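J.: Heads up: the sequence shown begins at 1 in full-length UniProt numbering, then just goes up one per residue. By construction, the Cβ of each residue, glycine as well, lies at the ideal position given by its N, Cα and C atoms. Model, not experiment: these values are computed from the prediction. Before I ask anything, here is the structure I am working with.
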Amino acid sequence: MSERLIPYQPMDLAEPAELVAAIRKRRGGQFINLDRMLLHSTPIAEGWNHFVGEIRNNLSLDPKLRELAMCGVAVLNGAEYEFFHHAPPFIKAGGTEEQVQALRLIGQPSFPSTLFSAVENDAAELTFQMTRNIQVDSALMKRLQATLGNTHTVELVTVVAAYNMVSRFLIALDVNPEEHPPE
Numbered sequence: 001m002s003e004r005l006i007p008y009q010p011m012d013l014a015e016p017a018e019l020v021a022a023i024r025k026r027r028g029g030q031f032i033n034l035d036r037m038l039l040h041s042t043p044i045a046e047g048w049n050h051f052v053g054e055i056r057n058n059l060s061l062d063p064k065l066r067e068l069a070m071c072g073v074a075v076l077n078g079a080e081y082e083f084f085h086h087a088p089p090f091i092k093a094g095g096t097e098e099q100v101q102a103l104r105l106i107g108q109p110s111f112p113s114t115l116f117s118a119v120e121n122d123a124a125e126l127t128f129q130m131t132r133n134i135q136v137d138s139a140l141m142k143r144l145q146a147t148l149g150n151t152h153t154v155e156l157v158t159v160v161a162a163y164n165m166v167s168r169f170l171i172a173l174d175v176n177p178e179e180h181p182p183e
């Protein structure tokens with residue numbers, strides 16, 4: 001195995017103290033490899049912690065839909081790190097192990113849509129269209145808006161957009177999963 005081009009910051013990084021403390025607080029005391037890479041730039045780490053923290057903790061969107069979109073983006077972009085971190089919260093939010101395995105087929109003709117509700121299938125399709133095509137079918141957006149309302153539709157679109165950013169960062173900098181996913 002070759003040496004990392006950009007190494008992770010050390011696990012015991014102490015500075016900038018306020019930011020390191022804020023990241024650890026958001027993660028329940030944990031420090032993951034993503035954080036250790038982000039901390040090469042204080043402004044990026046600060047903005048990321050706030051923005052992604054809001055997406056992870058403060059949306060009114062159903063957490064199962066949020067995590068479904070995150071897992072879907074991970075699969076579509078080949079970001080195993082992202083999937084590793086979002087499959088457990090998907091299950092905690094009401095998903096099943098069978099659905100987790102099904103999400104690995106998102107965007108493929110063999111995707112088992114019968115395992116998901118209509119709105120979950122629409123969320124999966126939105127994830128696929130935004131990630132692969134960028135353009136989204138207007139009929140799909142109308143269905144989502146009619147089912148979820150304006151706020152939740154905007155939040156779902158933002159989750160997909162934000163986690164496309166996350167996966168691109170992870171892949172470009174070769175951020176790898178820790179041995180055990182955080183709870």
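Going by DSSP in three states, residue 206 sits in which element: helix, strand or coil?
T.: With the chain running from 1 to 183 in the structure shown, residue 206 is simply not present.
J.: My parser needs the alpha helix (DSSP H) runs of 4 or more residues fully inside the UniProt domain "Carboxymuconolactone decarboxylase-like" (45 to 107); what are they?
T.: 63 to 77, 80 to 92 and 97 to 103
J.: Based on Cα-Cα distance, which residue from Gln30, Glu18, Leu19 and Ile44 lies nearest to glutamate 178?
T.: Gln30
J.: Apart from the five residues on each side of it in sequence, which residues of its chain come closer than 8 Å, Cβ to Cβ, to methionine 1?
T.: Residue confidence for methionine 1 is low, a pLDDT of 44 falling below 50, so the modelled location carries little weight and cannot support an answer.
J.: Below 8 Å, how does it come out for the region 36 to 53 and the region 121 to 140: are there three or more Cβ pairs, yes or no?
T.: These segments do not touch.
J.: Rounded to the nearest angstrom, how far is the Cβ of leucine 34 from that of histidine 152, given a contact under 8 Å?
T.: Not a contact, Cβ separation roughly 26 Å.
J.: On a Cα-Cα basis, can you pick out the residue from Asn77, Pro89 and His85 that is closest to glycine 107?
T.: Asn77
J.: My assumption, with CB atoms under 8 Å, is that valine 73 sits in contact with threonine 127. Please give the rounded CB distance.
T.: Confirmed, Cβ separation roughly 6 Å.
J.: Going by alpha carbons, who is nearest to leucine 105 out of Leu68, Ile23 and Glu54?
T.: Leu68
J.: Under a Cβ-count criterion, where at least 16 other Cβ atoms within 10 Å of its own Cβ denotes burial, should lysine 25 be classed as buried or exposed?
T.: exposed
J.: In three-state DSSP terms, what is phenylalanine 169?
T.: Phenylalanine 169 falls in the helix class under three-state DSSP.
J.: Roughly how many angstroms separate the alpha carbons of leucine 159 and leucine 5, rounded to a whole number?
T.: Just to set this straight, residue 159 is valine in the shown sequence, not leucine. Rounded to whole angstroms, valine 159 to leucine 5 spans 29 Å at the Cα level.
J.: Out of Cys71, Glu18 and Arg66, point me to the one whose CA is closest to asparagine 49's CA.
T.: Glu18
J.: According to DSSP, is isoleucine 6 helix, strand or coil?
T.: Coil at isoleucine 6, not helix or strand.
J.: Compute the beta-carbon to beta-carbon distance between glutamine 99 and leucine 115, rounded to the nearest angstrom, for a pair I have assumed lies under 8 Å.
T.: 5 Å
J.: Can aspartate 122 and leucine 144 be called in contact, C-beta distance under 7 Å?
T.: yes
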